[in-house]
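K.L.:
Here the sequence shown stands for residues 177 to 500, where the numbers follow my numbering. Using N, Cα and C, we set each Cβ at its ideal position, and we do this for glycine too. Being a predicted model, the structure only gives us computed values, none of them experimental. Got a structure here, written out as structure tokens. Questions coming.
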Amino acid sequence: MDRVLHAMSVFTHVVRRGSFTAAADSLGITAASASTLVRQLEERLDVMLLQRSTRSMSLTAEGSQYYKHCVAILSEMREMEEHLSGASRLVRGRLSVEVDQEAGSVLLPTLAEFRSLHTQLDLRIEVGGEGERLIDQGIDCAIVIGHLRDSSLQCKRVGSYQAVTVASPAYLRKNGVPRQVANLHDHEFVHYAPRRSGCARHPRFNGEAGTQTLRLAARTVVGDVQTVVNYATRGLGLAQVGLPLVSRLIAAGELVELLAYARPAVLPIVAIYPQRRHVPMSLRAFIEWATSRFETDLPTRSQQASVDANEWNPSREIGHAAAA
């Protein structure tokens, strides 16, 4: 039975990594061994799990169904072993986390802190996802912005996301200052599009009817949120990003917050993970750490005051510039 479970584990790694070689490297075995174990699994089940060719590999319909069961069984066994052995008090094992890029801009710079606290944990981080692959790809947890859409998942709030609209003083000198949301149609806007979906995120603004999305011409679309900030700082257009990303730039005068009166409603940052009877200590520890990081990274009172008070006066800052 142990050999079957080992083969199941190898099979799930092959699916996640996309090749026998990548899976073998992550497991510390040879690609030939990984291939043999999966082939023996197929022979035992009398079914083909993977469709192989010289250029690609894909799951068969039976393989896709079997993969989901393998993920559930292996996860349940790991959790039960931790629970019964008392290992729930020790953070170890493997944890796979997917992080939204904007949320990752807060977590990843201090990830070494979490690793130093839990040296026996094997941690894998993927950046840029939105939780849509949580079950199919065996991700243990996803940190995403927004409300939970899948009721089959568990959800825990770990932070808050406040979006702000910004531009550089140089851009505003040249193009004028938008005073109303409707004026934004006359301005360049740098959109962020998560690489996996490729869909541009349009800015949101709060008005009498609540928070609504404003669809602007997506002439500049970037798949990296830090690049969006860099482009805005260089005067290529307006941008709407999370406050932690730009609070220091606003305080330093490199960016200016616009339309503060119409800031969109705060969104939750949530950890989502599959329903399970026992939440592993590794996952609980990561969620607790992520919560503490989002609390720590909130703008300081002085930074927040600088942002909130930044009703930009073009005549004071750069000489007279027409409002637009």
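1) For the putative contact between MET256 and HIS454, defined by C-beta atoms under 8 Å, what is the C-beta separation to the nearest angstrom?
2) Are there three or more Cβ pairs, one per stretch, closer than 8 Å when the region 334 to 353 is compared with the region 438 to 451?
3) Closer than 7 Å by C-beta to ARG469: which residues in its own chain qualify, once you throw out the five before and the five after it? Chain order, please.
4) So does the region 402 to 420 actually touch the region 296 to 303, counting three or more Cβ pairs closer than 8 Å?
5) So what's GLN356 in DSSP terms, helix, strand or just coil?
6) Given a cut-off of 9 Å on the beta-carbon distance, is the pair PHE381 and LEU414 in contact?
7) HIS361 lies in the beta strand (DSSP E); which residues open and close that run?
8) Assuming SER202 contacts ARG193 under a Cβ cut-off of 8 Å, what Cβ separation, rounded to an integer in Å, is found between them?
9) Among TYR407, GLU274, THR188, which has the Cα closest to the Cα of TYR449?
10) Would you mind stating whether THR396 and HIS367 have Cβ atoms separated by less than 9 Å?
11) Determine the contact status of LEU250 and LEU181, defining contact as a CB-CB distance below 9 Å.
12) Let me check one thing: in DSSP terms, what residues is GLN416 bridge-paired to?
13) Whole angstroms is fine: what's the gap from ASP178's alpha carbon to LEU271's?
14) Tell me which residues share the same chain as PRO379 and place their Cβ nearer than 6 Å to its Cβ, disregarding the 5 neighbours each side in the sequence.
15) Go through its chain and collect everything with a Cβ distance to ALA346's Cβ below 6 Å, but skip five positions before and after it.
16) Which same chain residues, not among the five before or five after GLN227, have their C-beta less than 6 Å away from its C-beta?
17) Start and end of the beta strand (DSSP E) containing ALA447?
18) Is it right to say GLN296 is buried, meaning 16 or more other beta carbons lie within 10 angstroms of its own, or is it exposed?
19) Cα separation between ALA199 and ILE315?
20) Report the rounded CA-to-CA distance for PRO370 versus VAL404, giving the unit in angstroms.
21) Classify ARG291 as helix, strand or coil using the three-state DSSP reduction.
22) Give the single residue among GLU471, THR472, GLU464 whose Cα lies nearest to the Cα of HIS294.
23) Give the DSSP bridge partners of GLU433, in chain order.
24) Report the rounded CA-to-CA distance for GLN277 versus ARG377, giving the unit in angstroms.
25) Under a three-way DSSP split, which group does ALA199 fall into?
26) Are the CB atoms of VAL267 and ILE445 within a distance shorter than 9 Å?
27) Tell me, please, which residues DSSP counts as bridged to ARG380.
28) Using the Cα positions of THR188 and TYR243, report the straight-line distance between them to the nearest angstrom.
29) Helix or strand or just coil, what does DSSP make of SER423?
30) For SER292, count neighbouring Cβ atoms within 10 angstroms of its own Cβ and tell me buried if that reaches 16, exposed if not.
31) How long is the line joining the alpha carbons of THR387 and LEU360, rounded to whole angstroms?
32) What is the DSSP secondary structure of CYS246, reduced to helix, strand or coil?
33) Flag this pair as yes or no: are the beta carbons of CYS246 and ALA447 separated by less than 9 Å?
34) Should GLY335 and ALA279 be called a contact, given that it needs their Cβ atoms to be closer than 9 Å?
P.N.:
Reading from the atomic positions:
1) The residue labelled residue 256 in the question sits at position 80 within the sequence shown. The residue labelled residue 454 in the question sits at position 278 within the sequence shown. MET256 to HIS454, Cβ: 7 Å. Contact.
2) yes
3) One-based indexing of the sequence shown puts residue 469 at position 293. Excluding residues within five positions, the ones whose Cβ falls inside 7 Å are VAL282, LEU283, THR286.
4) no
5) Residue numbering aside, residue 356 sits at position 180 when the sequence shown is read from its first letter. Residue state, collapsed to three classes: coil.
6) The residue given as residue 381 occupies position 205 in the sequence shown. The residue given as residue 414 occupies position 238 in the sequence shown. Cβ distance not < 9 Å, so PHE381 and LEU414 don't count as in contact.
7) For this step, residue 361 is matched to residue 185 along the sequence shown. Segment: none, HIS361 is in no beta strand (DSSP E) and carries neither H nor E.
8) The residue you call residue 202 lines up with position 26 of the sequence shown. The residue you call residue 193 lines up with position 17 of the sequence shown. Their Cβ separation, rounded to whole angstroms, is 6 Å, which keeps SER202 and ARG193 in contact under 8 Å.
9) Taking the sequence shown and counting its residues from 1, the one referred to as residue 449 is at position 273. Cα-wise, what sits closest to TYR449 is GLU274.
10) Within the sequence shown, the letter at position 220 stands for residue 396. Within the sequence shown, the letter at position 191 stands for residue 367. Yes.
11) Locating residue 250 in the sequence shown gives position 74, counting from the first residue. Locating residue 181 in the sequence shown gives position 5, counting from the first residue. Yes, they are a contact pair.
12) Residue 416 sits at position 240 when you count from the first residue of the sequence shown. THR341, per the DSSP bridge assignment.
13) Looking up residue 178 in the sequence shown gives position 2. Looking up residue 271 in the sequence shown gives position 95. Cα-Cα distance, rounded: 21 Å.
14) In the sequence shown, counting from the first residue as 1, residue 379 sits at position 203. LEU390, GLN416, listed in sequence order.
15) Along the sequence shown, read from residue 1 onward, the residue named residue 346 stands at position 170. If we look at ALA346 and ignore the five residues flanking it on each side, its Cβ neighbours are GLY411.
16) Taking the first residue of the sequence shown as position 1, residue 227 is located at position 51. Same-chain partners within the cutoff: SER234, THR236.
17) What you label residue 447 is simply residue 271 of the sequence shown in a count that begins at 1. Looking at the DSSP string, the run of the beta strand (DSSP E) that includes ALA447 is 443 to 450.
18) Residue numbering aside, residue 296 sits at position 120 when the sequence shown is read from its first letter. With fewer than 16 Cβ atoms within 10 Å of its Cβ, GLN296 is classed as exposed.
19) Taking the sequence shown and counting its residues from 1, one reaches residue 199 at position 23. Taking the sequence shown and counting its residues from 1, one reaches residue 315 at position 139. Roughly 15 Å separates the two Cα atoms.
20) Within the sequence shown, residue 370 is the residue found at index 194, counting from 1. Within the sequence shown, residue 404 is the residue found at index 228, counting from 1. Approximately 12 Å, taken between the alpha carbons.
21) Counting from 1 along the sequence shown, the entry for residue 291 is found at position 115. ARG291 falls in the helix class under three-state DSSP.
22) As a position in the sequence shown, residue 294 is number 118, starting the count at 1. HIS294 has its Cα closest to that of GLU464, out of GLU471, THR472, GLU464.
23) For the purposes of this step, residue 433 is taken as residue 257 along the sequence shown, with counting starting at 1. For GLU433, which the question treats as bridged, DSSP gives the partners VAL342.
24) Locating residue 277 in the sequence shown gives position 101, where the first residue counts as 1. Locating residue 377 in the sequence shown gives position 201, where the first residue counts as 1. Cα-Cα distance, rounded: 13 Å.
25) Position 23 of the sequence shown, counted from the start, is the residue given in the question as residue 199. The answer is helix: DSSP assigns ALA199 an H, G or I state.
26) Translated into positions along the sequence shown, residue 445 becomes position 269. Translated into positions along the sequence shown, residue 267 becomes position 91. Taking 9 Å as the Cβ cut-off, ILE445 and VAL267 do not qualify as a contacting pair.
27) Here residue 380 corresponds to residue number 204 of the sequence shown, with the count starting at 1. Its beta-bridge partners are THR389.
28) In the sequence shown, the residue the question calls residue 188 occupies position 12. In the sequence shown, the residue the question calls residue 243 occupies position 67. THR188 and TYR243: Cα-Cα distance of roughly 6 Å.
29) Residue mapping note: residue 423 aligns to position 247 of the sequence shown, counting from 1. Of the three classes helix, strand and coil, the one that applies to SER423 here is helix, per DSSP.
30) Here the question's residue 292 lines up with position 116 in the sequence shown. It is exposed - the Cβ of SER292 has fewer than 16 other Cβ atoms within 10 Å.
31) Position 211 of the sequence shown holds residue 387. Position 184 of the sequence shown holds residue 360. About 16 Å.
32) Taking the sequence shown and counting its residues from 1, the one referred to as residue 246 is at position 70. Correct three-state label for CYS246: helix.
33) Looking up residue 246 in the sequence shown gives position 70. Looking up residue 447 in the sequence shown gives position 271. Cβ atoms of CYS246 and ALA447: not closer than 9 Å.
34) Numbered from its first residue, the sequence shown carries residue 335 at position 159. Numbered from its first residue, the sequence shown carries residue 279 at position 103. Contact flag set, yes.
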